[in-house]
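Have a look at the structure below, then the notes.
Numbering (my numbering), first residue to last: 25 to 111.
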């Protein structure tokens, strides 16, 4: 699961995904781009949304999370929340 930099798109990781052809990847777009009126105030809230989506796509781990810049902060928080859920 790939987390974009602030205001970014999942397509940011397209070239990386092509070079990692042995695994599949899912790139998220920034939540604010998909829901411009979303009132997300914290990284924790944003991560909760991503965790719900991840669990819909893949109900059990192991999970591979990647992000750079702001996406790295989100990936860390997603990992923390998944760990709290026992994943």
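Note that beta-carbon positions come from the ideal geometry of N, C-alpha and C, so glycine has one too. No experiment lies behind these values; they were computed from the predicted model shown.
Where residue i falls, given that 16 or more other Cβ within 10 Å makes a residue buried
| i | result |
| --- | --- |
| residue 30 | exposed |
| residue 86 | exposed |
Per DSSP, cross-strand counterpart(s) of residue i
| i | result |
| --- | --- |
| residue 90 | 26 |
| residue 51 | 26 |
Segment limits, alpha helix (DSSP H) that includes residue i
| i | result |
| --- | --- |
| residue 74 | 67 to 81 |
Reduced DSSP secondary structure (H/G/I, E/B, other) of residue i
| i | result |
| --- | --- |
| residue 85 | coil |
| residue 40 | helix |
| residue 95 | helix |
| residue 111 | coil |
| residue 46 | coil |
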